[in-house]
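*Asks:* Structure incoming, see below.
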Amino acid sequence: MQPQIKDYIKSLNRDDFDSNKVNLHIHTSFSDGEGDAFEILRQAHEKGYQKIAISDHNTVEAHKLIQDEILIPAVEFDVWCGYVFMHLLAYGIDINHPELTPFYAKNKRETELDIIRIFAKRDIKKLIQAIHNAGGIAVLAHPACCWAISLDRFVNKLISLGLDGLEVYYPYQRHRGIIKFHTAKSVEKIADKYNLIKTGGTDLHGKNLL
13 MQPQIKDYIK SLNRDDFDSN KVNLHIHTSF SDGEGDAFEI LRQAHEKGYQ
63 KIAISDHNTV EAHKLIQDEI LIPAVEFDVW CGYVFMHLLA YGIDINHPEL
113 TPFYAKNKRE TELDIIRIFA KRDIKKLIQA IHNAGGIAVL AHPACCWAIS
163 LDRFVNKLIS LGLDGLEVYY PYQRHRGIIK FHTAKSVEKI ADKYNLIKTG
213 GTDLHGKNLL
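The opening position of the sequence shown corresponds to residue 13 in this note's numbering, with each subsequent residue numbered one higher.
Have a look at this one:
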């Protein structure tokens with residue numbers, strides 16, 4: 013990751029996300045989203061977004077086709093950590109880094125079907141290391157949805173493996189049916205406690221940016 017990208021992400025706050033200046037969690041038709049990646053980028057420019065991140069499940073196909081000054085290369089990996097199934101966002105990566113490419117989906121089904129993705133066999137420690145070696149940062153997506161009994165202990169374990177941040181600014185009220193086990197407030201408290209990078213996004217799966 014270029015230093016200015018990491019510094020930019022670290023500098024973001026709630027207002028940046030609430031005012032629709034930044035959206036770092038967007039899915040397209042390259043995974044389980046409905047929107048065309050080019051059309052979403054067009055909308056982002058039209059609406060005046062400063063930065064967006066297309067973070068498709070286990071694939072960077074959109075980023076192989078599109079480079080743009082407001083587009084941050086990203087991907088959302090399906091991975092287990094112990095008994096907890098989780099989504100790990102990687103931002104600012106070199107999408108072609110040889111340590112990261114083995115973690116990408118082998119076929120389209122691994123990018124769009126929950127029943128397939130939940131059987132992911134990625135090693136969480138090696139994945140985070142690969143993200144770092146590819147120049148990126150590793151962020152736990154929608155932490156309040158994690159199955160962990162103690163979110164604090166779970167995040168602390170991930171930190172020991174190299175976790176950089178938490179997706180703090182997230183519209184749980186619009187989440188697509190996944191049960192929320194923890195509160196959004198507790199997520200932010202944990203991020204503050206461990207001085208983690210705070211990110212956010214809408215987890216868009218539709219065709220239109222807000």
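We put the CB at the ideal spot given by N, CA and C, even for glycine.
Here the structure is a predicted model, which is why all the values come from computation and not from measurement.
#1: Considering just the uninterrupted stretch of the alpha helix (DSSP H) at V167, what are its terminal residues?
#2: Given 8 Å as the limit, is there contact between the region 163-182 and the region 205-219, that is, 3 or more CB pairs closer than that?
#3: Relative to the alpha-carbon of F42, which residue among L36, A132, D30 and K120 has its alpha-carbon at the smallest distance?
#4: Please go through the same chain and pick out, in chain order, the residues whose beta-carbon is closer than 6 Å to the beta-carbon of D28, but skip the five residues on each side of it.
#5: State the Cα-Cα distance for the pair K59 and N25, rounded to the nearest angstrom.
#6: I need the boundaries of the alpha helix (DSSP H) containing H37, first residue and last residue.
#7: Rounded to a whole number of angstroms, what is the C-alpha to C-alpha distance between Y116 and D48?
#8: Apart from the five residues on each side of it in sequence, which residues of its chain come closer than 7 Å, Cβ to Cβ, to A74?
#9: Taking its Cβ as the centre, do 16 or more other Cβ atoms sit within 10 Å of A83, making it buried, or is it exposed?
#10: Smallest Cα separation from S86: which of G94, A153, E46 and F131?
#11: Residues bridged to V96 by DSSP?
#12: Would you say I136 and V199 are within 9 Å of each other, going by their C-beta atoms?
*Replies:* Let's see:
#1: Taking the first residue of the sequence shown as position 1, residue 167 is located at position 155. Start and end: L163 to S172.
#2: yes
#3: Counting from one through the sequence shown, the residue named residue 42 turns up at place 30. Looking at the Cα atoms, K120 is the closest of the given residues.
#4: Taking the first residue of the sequence shown as position 1, residue 28 is located at position 16. V34.
#5: Locating residue 59 in the sequence shown gives position 47, where the first residue counts as 1. Locating residue 25 in the sequence shown gives position 13, where the first residue counts as 1. When rounded, the distance between both Cα atoms is 19 Å.
#6: Counted from its first residue, the sequence shown places residue 37 at position 25. Note, H37: premise wrong, no alpha helix (DSSP H); beta strand (DSSP E) at V34 to I38.
#7: By 1-based counting over the sequence shown, the position of residue 116 is 104. By 1-based counting over the sequence shown, the position of residue 48 is 36. Going from the Cα of Y116 to the Cα of D48 covers about 20 Å.
#8: As a working mapping, residue 74 is identified with position 62 in the sequence shown. If we look at A74 and ignore the five residues flanking it on each side, its Cβ neighbours are T40, F42, A49, I66 and D68.
#9: Counting from 1 along the sequence shown, the entry for residue 83 is found at position 71. For the record, residue 83 in the displayed sequence is Leu; it is not Ala. Its Cβ being crowded by 16 or more others within 10 Å, L83 is buried.
#10: The residue you call residue 86 lines up with position 74 of the sequence shown. Here residue 86 is Ala; the residue named in the question, Ser, does not match the sequence. A86 has its Cα closest to that of A153, out of G94, A153, E46 and F131.
#11: In the sequence shown, counting from the first residue as 1, residue 96 sits at position 84. Paired residues: C93.
#12: As a position in the sequence shown, residue 136 is number 124, starting the count at 1. As a position in the sequence shown, residue 199 is number 187, starting the count at 1. No, they are not a contact pair.
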